[in-house]
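Colleague: Pasting a structure below so you can have a look.
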Amino acid sequence: MATMVSFHAHPDDESIACGGVMRKAFEEGHRVVLVVATRGEQGEVVDGVLADGEPLWQRRVAETHAAAEVLGVHARSSSAMSTPG
Numbered sequence: 001m002a003t004m005v006s007f008h009a010h011p012d013d014e015s016i017a018c019g020g021v022m023r024k025a026f027e028e029g030h031r032v033v034l035v036v037a038t039r040g041e042q043g044e045v046v047d048g049v050l051a052d053g054e055p056l057w058q059r060r061v062a063e064t065h066a067a068a069e070v071l072g073v074h075a076r077s078s079s080a081m082s083t084p085g
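Residues 1 to 85, numbered by UniProt numbering, are exactly what the sequence shown covers, in order.
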């Protein structure tokens, strides 16, 4: 079993750029680690998506954690996600 470490600048980059590769590695029995450098709070906010008062970064972090579950990520760095961006 090998370890795959996937580094990304923003939340959802992992799914868009290499989600299929990450999932395949997981299915083949490899350990998959995800590191996201920012919380993504400077992204575009689409009207009607966030709940009243919900900060964008909170939604982006939650979506990243949900995607990690689907992709088979064994470990993720959330300390890096405290960096604005």
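Where is the CB? At the ideal position from N, CA and C, for every residue including glycine.
Below 7 Å, is the gap between the Cβ of Gly72 and the nearest heavy atom of the ligand MN?
Modeller: Ligands are entirely absent from the displayed structure, and the ligand MN is therefore not among its contents.
Colleague: Tell me the rounded alpha-carbon separation between His8 and Phe26.
Modeller: As a first step, residue 8 must be located in the sequence shown, where it is residue number 8. As a first step, residue 26 must be located in the sequence shown, where it is residue number 26. Looking at the two C-alpha atoms, the distance is approximately 18 Å.
Colleague: Can you give the beta carbon distance from Arg39 to Val61, rounded, assuming they're within the 8 Å contact cut?
Modeller: As a working mapping, residue 39 is identified with position 39 in the sequence shown. As a working mapping, residue 61 is identified with position 61 in the sequence shown. Right, their Cβ atoms sit about 6 Å apart.
Colleague: According to the Cβ coordinates, are Val73 and Met1 closer than 8 Å?
Modeller: Within the sequence shown, numbered from 1, the residue matching residue 73 stands at position 73. Within the sequence shown, numbered from 1, the residue matching residue 1 stands at position 1. Contact: no.
Colleague: For Glu14, which of Glu28, Gly29 and Val33 has the nearest alpha-carbon?
Modeller: As a first step, residue 14 is located in the sequence shown; it is residue number 14 there, counting from the start. The shortest C-alpha separation from Glu14 is found at Val33.
Colleague: So, using beta-carbon positions, are Leu56 and Gly48 closer together than 8 Å?
Modeller: Along the sequence shown, one-based indexing puts residue 56 at 56. Along the sequence shown, one-based indexing puts residue 48 at 48. No; because the gap between Cβ atoms is not below 8 Å, this pair is not in contact.
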